[in-house]
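Report on the structure given below.
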Amino acid sequence: MLHTLLPFLIVAPPLAYGLISLACARSWFGRRRPAPGHVPPITILKPVKGMDAGSFDNFASFCRQEYPAAVQIVFACAAADDPVIPVIRRLMAAFPAADIDLVVDGVIHGPNYKVSNLINAFPRAKHDLIIVCDSDIRVSPDFLREVAAPFADPQVGLVTSLYRSPGVRGAATAVEAMGFTAEMVPNVMVALKLEGLSFALGAAMTVRREALAAIGGFPALADYLADDYQLGNKIHRAGWRLELSDCFVESVMHREDLATVLSRQLRWCRTMRVSRPGGYLGSGITQPFPMACLALLAAGFSAAGWGAVLLLYGVRFLAALVFSRRYVRDGIFPRWLWLLPIRDAFAFATWALSFAGNRVRWRGHLFRLLPGGKIVETG
């Protein structure tokens, strides 16, 4: 009897986690939301380096907002010869009525060059509500209304946005994009329900100037790789409330090979390992792929072992499909559903490899991660 039950006991943690994530998502996305009506002036800080897929259209989406208050966009770049600058000039010409500024400043304030760009651009910010948004992000016309609305409550210090990547190009890109749908969003849903929001997601973060000042401004983030996590966590620990917007932003991806995707995923994993070591270590038991393999080994590849694996992946496929079709709405599943076990193996490999070293490569630079998430450039 124990030999028959053992594989089912092994897959119980990821199986239960999948069902819990569905319940949490149903509660979150099914809640009653007040109509967005708070529309203060907003400054958008956009650090840039090099070209992304669809750069002009990404930038233009912020100029096409259905937002009645003043909106300022400040691009921050370190080099005058950066190839993205002509695209920004083209944007200025295409939207002459928009308040668009460009800061070109190579002063380095710490090993996180993105944060250095933000520090250099911040003096140009005119408004008290500030959005930090990655250069590869595209938004819907109601984005500003949605992220500004929670700030009607003076206790809200930061609003962070979920992200997705529709229209993926090729299997390697799909492997990364389905991580947003089948891992990131479910993880955020569970964290939100069990412990509340104590971190931010870096694709798009909206912060109150007063809350930013309370943590020492952008200079407080200059030595960290996970500046998004640190921004949210520091504001949370300073006593402000964080809110999650379910207005998704879109991460627009290039067609890439698997090695490039692996390098980026490994960087994210090692960053989270040093930022949240206990939670990151514990997350291993909720991963379906290693638990499925362990169940098969423990059962000697018997019918009970295969039954446990089929049950686990039946729930896994269902959860991924529901998240993709109903909540994230990215169109990845069911088309790429066959890749999900490969994605799970990939996720476990990067999780395990994250413990094998403390070096990460980011934007052509090599860094060493220190305990707590700080970085030192090594090459």
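To convert, note that position 171 of the sequence shown is 843 in my numbering; the numbers rise steadily by one, no gaps. Beta carbons are placed, not taken as given, at the ideal position from N, Cα and C, and that holds for glycine.
- In this structure, the CA atom of P755 is about 28 Å from the CA atom of A843.
- A direct Cα-to-Cα measurement between R945 and L953 gives close to 7 Å.
- For secondary structure counted as the alpha helix (DSSP H) over 4 or more consecutive residues, the region 1002-1038 holds these complete runs in sequence order: 1012-1025.
- For M877, the uninterrupted beta strand (DSSP E) segment begins and ends at 876-880.
- Looking from the CA of E928, the closest CA among S996, T845, P891, T1022 belongs to T845.
- In this structure, the CA atom of P685 is about 35 Å from the CA atom of L893.
- T853 and R997 have their C-alpha atoms spaced approximately 10 Å apart.
- A distance below 7 Å between beta-carbons, with the five flanking residues on each side excluded, links P813 to the following residues of its chain, in chain order: R736, Q737, E738.
- Distance from the CA of S727 to the CA of D808, rounded to the nearest whole angstrom, comes to 7 Å.
- Per the C-alpha coordinates, the member of Y896, I802, L903, R705 positioned closest to H781 is Y896.
- Membership of T832 in any alpha helix (DSSP H) is not indicated; the residue belongs instead to the beta strand (DSSP E) covering 828-836.
- Straight-line spacing of the CA atoms in D771 and D1002 works out to 31 Å.
- Within the region 842-880, the complete beta strand (DSSP E) segments at least 3 residues long are 876-880, listed from N- to C-terminus.
- Between V831 and R761, the alpha-carbon positions lie close to 29 Å from each other.
- H675 and A971 have their alpha carbons spaced roughly 7 Å apart.
- In the three-state reduction of the DSSP assignment, T932 falls in the helix class, which pools H, G and I.
- For R913, the enclosing beta strand (DSSP E) starts and ends at 913-923.
- Here V787 carries a helix assignment [DSSP, helix/strand/coil].
- With contact defined as three or more Cβ pairs closer than 8 Å, the region 958-968 and the region 682-700 are in contact.
- About 13 Å separates the beta carbons of Y785 and R1033, which is beyond the 8 Å limit, so they are not a contact pair.
- In the DSSP assignment, I772 falls within the beta strand (DSSP E) that extends over 771-776.
- Taking a contact to require three or more Cβ pairs closer than 8 Å, the region 860-874 and the region 788-802 do not qualify as touching.
- Cβ atoms of S837 and S923 come within 8 Å of each other, at about 5 Å.
- For the options L691, G911, P768, the alpha carbon positioned closest to that of V987 is the one of L691.
- Taking the Cβ atoms as the reference, D1016 lies roughly 4 Å from F961, within the contact range of under 8 Å.
- Between the region 903-922 and the region 880-888 there are three or more inter-stretch CB-CB distances shorter than 8 Å, so the stretches are counted as touching.
- For the 8 Å CB-CB criterion, E1049 and P783 form a contact.
- Across the structure, M856 and A766 are spaced so that their CA atoms are roughly 35 Å apart.
- Between the beta-carbon of F890 and that of V994 there is about 38 Å, and that puts the pair past the 8 Å contact cut.
- R1040 sits in a strand when the DSSP states are folded into three classes.
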